[in-house]
Ligand SMILES: O=C(O)CCC(=O)C(=O)O
Ligand SMILES: [Fe+2]
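In this note's numbering, the protein residues as written are 2 to 517.
As structure tokens, this is what we get:
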């Protein structure tokens, strides 16, 4: 790990700890504070500053007219109000369900769901600001008289939990408002926007506690932290109370029909998830095709993956062409998919050198899976000459950002040194287990089982919920024998162990341990 250094960025300075290859070559660049159009803002009793940045759509989609915009509103809310909110949300329990963007545990907390407060106390604090500031601002800025808040959530980014929220559009929200809660000097990185396909255009948004960041569904953005912790409060706003009640996205239909490729792209995603009625793959495909023809690289990528999956021989070539196009434009996900297509000979003849080339491009853009796969390619001499130094460097970059496979591999490396580093093994397994990585949870449960402190039982329980058969067997055993401090419960043991073979083994074990 590189020791902390101070980097000067114009008038801004940030504390820099360990840096990924992407960040080393590009540094953190903030939204240019001199380029926005600024004006004083007065809304009801709130007074402050609006800074507005315009991002030309042609940066993403060749020849497309128009621009997306994003706004930072500052000084409207007292920092002490943000502090009060932060104290309140820090004490909540955070969900670990899979996130819709990356499938990792979400570490989020929802005070409002479908327009209804689920946290009355926080509701009392937030309601005046929602009614008198957020809604009047969004309604006037986006000319949508009926805009209504659908969801409010808190996202938590702690160093052993979440470091990224990958590049995405908020496809289900007409407009999004992010309220900064954590002072920016407590973390490195944060929320960024990305106006082009390539991550070198990322601009980080500095949000002081109480600052608001506002954008619409066509703004490509994400979150990346290199150190520290961050909480953010997010308001997802739909175009009408009816859209909130039904959970739908009616604003896309007209814009998609009028030829807006971002609307087509987001609407296709809604059809795939069954949010606009039944899941409709054909309609999604039609919309992706239309947007892809206009040069929307996200649509090109999705379309290509769908065609690869369908595996129609004629379509494979089209799929590979689409991937190549989006990869050439610099889109990291397409570069990674193209690398996999070359590695597996899907739609193209197999070519490990080309796979390695594209995997490196994606990894250099901070794609954690690409970094992990790249490390394995260096280790095994696939597409590159074997290079253990590079392999270790990419593995660490991926693991430091909490990519579970990389963390588990580093854990296993700790046992291959002499003498075996058991505490290092446990450290990395625990970190991966926090990401709900089943393989790591299993290894950790096996490691702590003999300590009999009940932790193994709690891990087996979590794994049973994830549908893990080995965990079912282990938990059944614990109930049968009282291992791991569980009370002996033969009925529970029998329910968890339906197979006769397992029952026979268990009968022997229980007799042996003299518990049943
Ligand atoms: O945490 C943030 O600031 C934004 C997260 C985000 O983009 C999202 O939840 O959609
Ligand atoms: Fe978002």
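Where a beta carbon is used, it is the ideal one built from N, C-alpha and C, also for glycine.
Quick one: does the C-beta of residue i sit closer than 7 Å to a heavy atom of ligand 2?
i, result
"residue 173", "no"
"residue 177", "yes"
"residue 358", "no"
"residue 302", "no"
"residue 169", "yes"
At what residues does the alpha helix (DSSP H) containing residue i begin and finish?
i, result
"residue 124", "121 to 130"
"residue 360", "353 to 365"
"residue 73", "Unbroken run through residue 73 is the beta strand (DSSP E), 68 to 75; no alpha helix (DSSP H)."
"residue 222", "No alpha helix (DSSP H) holds residue 222; the beta strand (DSSP E) holding it covers 222 to 229."
"residue 78", "Segment: none, residue 78 is in no alpha helix (DSSP H) and carries neither H nor E."
"residue 322", "314 to 329"
"residue 309", "298 to 311"
"residue 475", "470 to 482"
"residue 430", "423 to 435"
"residue 274", "262 to 274"
"residue 1", "Look at the range of the chain in this structure, 2 to 517, and you will see that residue 1 is not part of it."
"residue 289", "282 to 294"
Does the beta-carbon of residue i, which I'm using as the reference point, lie nearer than 7 Å to any heavy atom of ligand 1?
i, result
"residue 81", "no"
"residue 42", "no"
"residue 238", "no"
"residue 222", "yes"
"residue 233", "yes"
"residue 192", "yes"
"residue 326", "no"
"residue 216", "no"
"residue 199", "no"
"residue 204", "no"
"residue 156", "yes"
"residue 254", "no"
"residue 381", "no"
"residue 297", "no"
Nearest CA to the CA of residue i: which residue from the options?
i, options, result
"residue 169", "181, 438, 222", "222"
"residue 32", "47, 53, 45, 43", "53"
"residue 386", "353, 327, 157", "353"
"residue 172", "181, 271, 147", "271"
"residue 154", "108, 494, 193, 446", "108"
"residue 48", "78, 39, 64, 71", "78"
"residue 408", "493, 162, 202, 68", "162"
"residue 296", "323, 310, 283, 315", "323"
"residue 188", "207, 459, 328", "207"
"residue 411", "279, 433, 288, 261", "433"
"residue 439", "450, 460, 286", "460"
"residue 248", "229, 275, 227", "275"
"residue 498", "360, 404, 293, 477", "477"
"residue 520", "142, 143, 149", "Since the first residue shown for the chain is 2 and the last is 517, residue 520 is missing from the structure and cannot be characterised."
"residue 481", "491, 472, 474", "491"
"residue 315", "268, 349, 41, 445", "349"
"residue 152", "436, 380, 179, 306", "179"
"residue 143", "217, 210, 82, 112", "217"
"residue 224", "211, 181, 256", "181"
"residue 55", "147, 105, 75, 204", "204"
"residue 344", "466, 374, 494, 209", "374"
"residue 469", "329, 442, 64", "442"
"residue 467", "30, 426, 436, 317", "436"
"residue 495", "213, 473, 283", "473"
"residue 361", "341, 500, 147", "341"
"residue 184", "164, 282, 212, 202", "212"
"residue 319", "429, 306, 280, 384", "306"
"residue 229", "165, 110, 489, 347", "165"
Output the boundary residues of the beta strand (DSSP E) element that contains residue i.
i, result
"residue 464", "Careful: residue 464 lies outside any beta strand (DSSP E), inside the alpha helix (DSSP H) at 456 to 466."
"residue 345", "Note, residue 345: premise wrong, no beta strand (DSSP E); alpha helix (DSSP H) at 333 to 345."
"residue 64", "From DSSP, residue 64 is part of no beta strand (DSSP E); its letter is neither H nor E."
"residue 415", "Per DSSP, residue 415 belongs to no beta strand (DSSP E); it is in the alpha helix (DSSP H), 405 to 416."
"residue 40", "38 to 44"
"residue 111", "109 to 114"
"residue 55", "47 to 57"
Could you tell me whether the stretch 323 to 337 touches the stretch 297 to 306, where touching means 3 or more Cβ pairs closer than 8 Å?
-> yes
Completely contained alpha helix (DSSP H) runs for the stretch 145 to 213, where each covers 4 or more residues = none
Count the C-beta pairs between the stretch 387 to 404 and the stretch 365 to 379 that are closer than 8 Å, then say yes if the count reaches three, no if not.
-> yes
Three or more C-beta pairs below 8 Å linking the stretch 244 to 255 and the stretch 120 to 131 | no
Would you call the stretch 237 to 247 and the stretch 187 to 204 in contact, with 3 or more CB pairs under 8 Å?
-> no
Is the stretch 222 to 238 touching the stretch 77 to 92, taking contact as three or more C-beta pairs under 8 Å?
-> yes
With a cut-off of 8 Å, do at least 3 Cβ pairs link the stretch 100 to 119 to the stretch 135 to 148?
-> no
Cβ pair count under 8 Å reaching 3, the stretch 183 to 192 against the stretch 354 to 361 = no
Would you check if the stretch 35 to 51 and the stretch 173 to 181 touch, i.e. whether three or more CB-CB distances between them fall below 8 Å?
-> no
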